[in-house]
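Here's the structure we're looking at; comments come further down.
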Ligand SMILES: Cc1ncc(COP(=O)(O)O)c(C=O)c1O
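Numbering (the working numbering), first residue to last: 723 to 1121.
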């Protein structure tokens, strides 16, 4: 008789041992459990544009219901190429340079699986969107973290130390993941910062993998610059984007990578065997979304700016120290005034006793201690949701 004493753990991959479940998604479950206002996960609670919902319904009614071309429906790839030219002046061949995946989440992991070998290193600015750590580990690479430091002045910007960044680059560095506009800090990388990163990528022969999913959500006259538009980066950048944030359809799961043809080939292979393809009718609706007029993007940014300016004063009044975001739809805060042991204890209290869900800062850092005084709030919500959260937050007592 075979040995029946093997523990279930025996079946698990070592890779999975190296990371935990998503804290952000866990906070959403807690918000539901306690009936709290959910300012944790970054999904809008307002409707998606009527035109694009109609386009999705039409696509289904017209029987666009079978597999699309595995690397993306032609209409959507053409629209992506058109948008890259329009917004960033980048010429893209939709036949050889675009891969459509199931959200930018799948796009990121497909990209890293396509380019990383065991022993490679991937540079990541921290705090970072929590998927990047597990993405690197699953692809066999070692994440190397470089700190973004919070601004000292109320109106200042998050910044990094040039020497610290240089020290992270060496012979084994395969890629740098760059998220601009940034989640969770709201930082929008400047041209000078991007040029500095570009110079290191060229010097060390490193690929830039950029997550630009908040491209159109920017404030205070800041400009979103795609790394691929910088001289010297066209052939060493994978630009990742998606429908989720720009069109308020996080549940549709449509994202894409724009990359040089040989990298695209590799991404397409991984994507094909991972998921075959993104939802066909929603890709057609995506093509319609990307054909909305420029005024759509202007209104999107204006509406998000109003939401930011609604939540920030409420958080400040409640006792949080806020780091003002220049882009994306989150605000990182310092919770020192409340005298809690750490961010996790604070967010547990916040969701259960105050009725507001937020994300503990530690989930955005490799070493949880680095985020122990920080908490992130999402403001991609209706005015009445933000007001309900503000009323609850007023019952908090700074020590
Ligand atoms: C920086 C960043 N990238 C990617 C995603 C996920 O995007 P998608 O819905 O396209 O998978 C998020 C969602 O919060 C995000 O903040």
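Backbone N, C-alpha and C fix where the C-beta goes; we use that ideal spot for every residue, glycine too. Quick caveat, the model's predicted, so the values are computed rather than measured.
Answer yes or no: the CB of residue i versus the heavy atoms of ligand 1, is any distance below 8 Å?
i	result
residue 1050	yes
residue 935	yes
residue 830	yes
residue 851	yes
residue 821	no
residue 760	no
residue 825	yes
residue 977	yes
residue 764	yes
residue 744	no
residue 964	yes
residue 972	yes
residue 967	yes
residue 901	yes
residue 905	yes
Would a C-beta distance cut-off of 9 Å place residue i and residue j closer than the cut-off?
i	j	result
residue 978	residue 1104	no
residue 849	residue 1054	yes
residue 1112	residue 1040	yes
residue 1049	residue 902	yes
residue 881	residue 870	yes
residue 981	residue 960	yes
residue 1086	residue 1030	no
residue 993	residue 829	yes
residue 1079	residue 1072	yes
residue 910	residue 946	yes
residue 802	residue 786	no
residue 789	residue 1002	yes
residue 855	residue 1052	no
residue 965	residue 1011	yes
residue 746	residue 762	yes
residue 1005	residue 797	yes
residue 846	residue 872	no
Checking the sheet assignment: what are the DSSP bridge partners for residue i?
i	result
residue 760	1079
residue 1045	1054
residue 869	848
residue 897	844 and 929
residue 940	1049
residue 820	980
residue 864	843
Between which two residues does the alpha helix (DSSP H) harbouring residue i extend?
i	result
residue 1020	1016–1040
residue 987	983–997
residue 977	Note, residue 977: premise wrong, no alpha helix (DSSP H); beta strand (DSSP E) at 977–980.
residue 961	Residue 961 -> not in any alpha helix (DSSP H); beta strand (DSSP E) instead, spanning 959–964.
residue 810	796–810
residue 833	825–837
residue 765	Per DSSP, residue 765 belongs to no alpha helix (DSSP H) and is neither H nor E.
residue 889	884–890
residue 972	Unbroken run through residue 972: none, as it is neither H nor E.
residue 1106	1105–1115
residue 946	Run containing residue 946: none; DSSP gives neither H nor E here.
residue 953	No alpha helix (DSSP H) holds residue 953; DSSP gives it neither H nor E.
residue 784	No alpha helix (DSSP H) contains residue 784, which DSSP labels as neither H nor E.
residue 1068	1065–1071
For residue i, is the classification buried or exposed, using 16 other Cβ atoms within 10 angstroms of its Cβ as the cut-off for buried?
i	result
residue 955	buried
residue 810	buried
residue 819	buried
residue 843	buried
residue 754	exposed
residue 884	exposed
residue 996	exposed
residue 879	buried
residue 733	exposed
residue 938	buried
residue 897	buried
residue 1028	exposed
residue 806	buried
residue 1016	exposed
Just to confirm the assignment, what range does the beta strand (DSSP E) spanning residue i have?
i	result
residue 721	Residue 721 lies beyond the residue range present for the chain, which begins at 723 and ends at 1121; the question has no answer from this structure.
residue 1098	1096–1100
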